[in-house]
Amino acid sequence: MQQSVVRVGEWLVTPSVNQISRQGRQITLEPRLIDLLMYFAQHPDEVLSRDNIIDNVWMRTIVTNHVVTQSISELRKSLRDGDEYSPEYIVTVPKRGYKLTASVVWPDDSEIANSFPPVPAPAAPDELPAAPVPAPTAPLPPVKTRKSRIGTWLLFLLSLSALMALILMSVIHHTPAVTKSRLLLNPRDIDVRFDGGNSCNNWVSQKSYAIGLGGLITTSLNTFSTYMVHDKTNYSVNEPSSSGKTLTIRFVNQRHYRAQQCFMSVLLLDNADGSTMLDKRYFITDTNQIAIQDDLFNSLSDVLTQPWPERMQAQLAQFRVPQPTSLSRLYEARQLAFSGDVQSLNKASALLDTLIKQSPEFTYAQEGKVLVDVLRQSQQTFDPQQMATLNAELKKLAQIPGIQQTSLFYKVQTIYLLGKGDVDDAYDAINKSIALEMSWLNYVLLGKVYEMKGENRLAADAYLTAFNLRPGENTLYWIENGIFQTSIDKVVPYLKVFLAKE
6 MQQSVVRVGE WLVTPSVNQI SRQGRQITLE PRLIDLLMYF AQHPDEVLSR
56 DNIIDNVWMR TIVTNHVVTQ SISELRKSLR DGDEYSPEYI VTVPKRGYKL
106 TASVVWPDDS EIANSFPPVP APAAPDELPA APVPAPTAPL PPVKTRKSRI
156 GTWLLFLLSL SALMALILMS VIHHTPAVTK SRLLLNPRDI DVRFDGGNSC
206 NNWVSQKSYA IGLGGLITTS LNTFSTYMVH DKTNYSVNEP SSSGKTLTIR
256 FVNQRHYRAQ QCFMSVLLLD NADGSTMLDK RYFITDTNQI AIQDDLFNSL
306 SDVLTQPWPE RMQAQLAQFR VPQPTSLSRL YEARQLAFSG DVQSLNKASA
356 LLDTLIKQSP EFTYAQEGKV LVDVLRQSQQ TFDPQQMATL NAELKKLAQI
406 PGIQQTSLFY KVQTIYLLGK GDVDDAYDAI NKSIALEMSW LNYVLLGKVY
456 EMKGENRLAA DAYLTAFNLR PGENTLYWIE NGIFQTSIDK VVPYLKVFLA
506 KE
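Residue numbers are given in our numbering: position 176 of the sequence shown equals residue 181, and the series is strictly consecutive.
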C-alpha cells in the first residue's frame, strides 16, 4: 500500500496532493514526477535502470528513454530548489541507471495498523438449551448440533471475506491511477517564443538581440532554476502548448507625436488562467541594451518568485562591458553560429574578431571566437597558418581566470577532442559541460560523443533532449551536420517521424 507521506532527505513528500515541502516551502510537482520520486523512495540505494523506471512508473504508456532523462533532470532541479549547494538526491550510475542517495523515512507500521479496524474475533456457537437427560436406551442423534456449527462457521467465513474485501478496496483506493493520456499543462514549463511580424530600424541587430535574450533566459533558467524552459524562437510549428507559461518577445511599431518608434515587447502569460504575469516594453538604443537585460532578469525573478543564485548573477555581470553595442554584436554572432554552415561560421568568426578588438575585456566574445573557430576547423581543413592561429587561441583561452568553471570551455574541449578521435576524454569533457549548463548544444555534443562510442540508443536520447530544449531547423541542422554527419533515419528515427507529423 502506498504511504500517505514519506520523508526523502529534507523533503516531506505528500503524493495525494503532488507536493513536496520543507521549512515552510511547498512545491507542487507534476504527477509523473511525484510517481517517479515515490518509486525511488521505495528502492533507496538501489540502481534503477531506465527500462525498469519506464516499466514501473509509466507502466503501459509508451515513452522514449529521453523522457526519463528529462523527468529525472526536472526532479533533481525541484529537489535542489534553486540551491546550487544542495546535496544531489539522485545520482547517475554510468551505463547502469540512477540511484536515490538521500535518506528515506516511512511512517511506523503501528501508524498504518491503526488506520484499519481490528479484525473481530469469531462469535462463539450458540449453546443449545438444556435438555432432559435421555434414557440410556434412546440417545438423541447429533444432527442438529452439526448443522448449527456448520452455519456458524459459514457466517464467520463470510464476515472474514467481507473484511478482506474492504482492506483490498482501501489498498486499491490509495494506489495512484495510471495516467494514460498526455498531460494538458505542465505548470513548471515555460515556452519562449519570438514574434517577428513587425520590423524596425536596424532590424538584423535588434532581432538578434531579442532572440539572444530568449536564449539566455532559456539556458539560465534551465541551469539555475526549478523551471524547464523551451527556446522556441526558431520554431515555426504552431502546436497546442503543454507548458504552463509562455514568454513572447516581439517588436511593436507605434507612432508617437510625429515620430515612428519601435518597442521590444516582452509578455509572460500564465496559460492556466490566461493571466498576464509580466508585460514590459523597451525602447532599444545603442546605450541601454545591458540595462534592459538586467531589468528583464530582475523582473522575471520577481514574477516567478525565483531568486537567482550567486553563480548566475556572476555570469550575468560579465555582460556589463563599457562598449554599449557589444551585447547586440555578440548575439548577432551567435545567431550566425547557430546556423551551423561554413559560410555562417566564417561570418560569425569575423564579427567576433572585430568585437574583441573593440572590447578586449569581453570574455564571452573571446570564448565565442574560439568555439566558432573550432567548429570551422571541424567542417573545413585549416591551412598551417590557420591551425597556428587556432592553437594560439586555445592556449589563450586556457589562461583566462575562472575559465574552467564555464561550460563553454568544456564545449571547446569536446569538439577539439572529437576531431582528434579521443572519445573517452571528450565524454568526460561534455559531462563537465552539462554539469555547469543545461543547454541544447551540450546535448547535441553529447549525442555526437555517444555515436562515436557506438551507443546509438543513448545518442538518440541526447538528440531528442536537445531538440526538446530548442526545437527548430537550426538544432536539426546541428544534429545532422555538427562535427560529423548523422543519419536521422538510423540513429534517431523518432525525430523524423515527429517532424513528419507537423
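Glycine included, each C-beta is placed from N, C-alpha and C at the ideal position.
Item, Value
"Nearest neighbour of N239, chosen from S438, L272, G201 and T251 [CA to CA]", "G201"
"Exposed unless 16 or more other CB atoms sit within 10 angstroms - verdict on A440", "exposed"
"Three-way DSSP call (helix, strand, coil) for V10 in this model", "coil"
"Boundaries of the beta strand (DSSP E) in which Q409 is found, first to last residue", "Premise fails: Q409 is in no beta strand (DSSP E) and is neither H nor E."
"Length of the line joining the Cα atoms of L402 and E372", "7 Å"
"Rounded straight-line distance, which links the Cα of T281 to that of S553", "Residue 553 is absent from the model: the chain starts at 6 and stops at 507."
"Closest by C-alpha distance to W483, when choosing among E460, L504 and K453", "K453"
"Rounded C-alpha distance that separates Y499 from Y468", "10 Å"
"DSSP three-state assignment for G217, whether helix, strand or coil", "helix"
"Coil, strand or helix - I488 by DSSP", "coil"
"Boundaries of the beta strand (DSSP E) in which S26 is found, first to last residue", "Q24 to R27"
"Counterpart residues of F256 in DSSP-defined beta bridges", "M269"
"Residue nearest to T290 in terms of C-alpha spacing, selected from K237, S333 and V497", "S333"
"Own chain, CB closer than 6 Å to F268, minus 5 neighbours either side, in chain order", "V257, R286 and F288"
"Exposure of E35, with buried meaning 16 or more beta-carbon neighbours within 10 Å", "buried"
"Range of the contiguous alpha helix (DSSP H) that encloses I361", "V347 to Q363"
"Close beta carbons around S166, own chain, < 8 Å, minus the five adjacent residues each side", "none"
"Beta bridge counterpart(s) of K250 as assigned by DSSP", "I195 and D275"
"Under the three-state DSSP convention, the category Y421 falls into", "helix"
"Straight-line Cα distance separating Q409 from G487", "24 Å"
"Endpoints, the beta strand (DSSP E) within which S280 is located", "S280 to Y287"
"Opposing strand residues paired with W313 [DSSP bridges]", "According to DSSP, W313 bridges with nothing at all."
"Buried/exposed call for R55, threshold 16 Cβ in 10 Å", "buried"
"Assigned exposure category for L160 - 16 Cβ within 10 Å defines buried", "exposed"
"Strand pairing of D427, partner residues [DSSP]", "The partner list for D427 (beta bridge, DSSP) is empty, contrary to what the question assumes."
"Cβ-Cβ separation, L350 to A342 (assumed contact under 8 Å), whole Å", "6 Å"
"DSSP three-state assignment for R475, whether helix, strand or coil", "coil"
"Q31 (DSSP reduced to helix, strand or coil)", "strand"
"Buried versus exposed call for N191 [16 or more other C-beta atoms within 10 Å across all chains shown]", "buried"
"Cβ-Cβ separation, N276 to S304 (assumed contact under 8 Å), whole Å", "With 8 Å as the limit, S304 and N276 do not qualify as a contact, their Cβ atoms being about 19 Å apart."
"Buried or exposed (CB count within 10 angstroms, at least 16 for buried), S120", "Confidence in S120 is poor, its pLDDT being 38 and thus under 50, which makes the residue's placement unreliable; the coordinate value appears in the next sentence. Result: exposed."
"Neighbourhood of M392 by C-beta distance below 8 Å, restricted to the same chain and skipping five residues each side", "Q382"
"Rounded straight-line distance, which links the Cα of L301 to that of T224", "15 Å"
"Where M443 sits in the DSSP three-state scheme", "coil"
"Inter-residue spacing [alpha-carbon to alpha-carbon] between M43 and V110", "12 Å"
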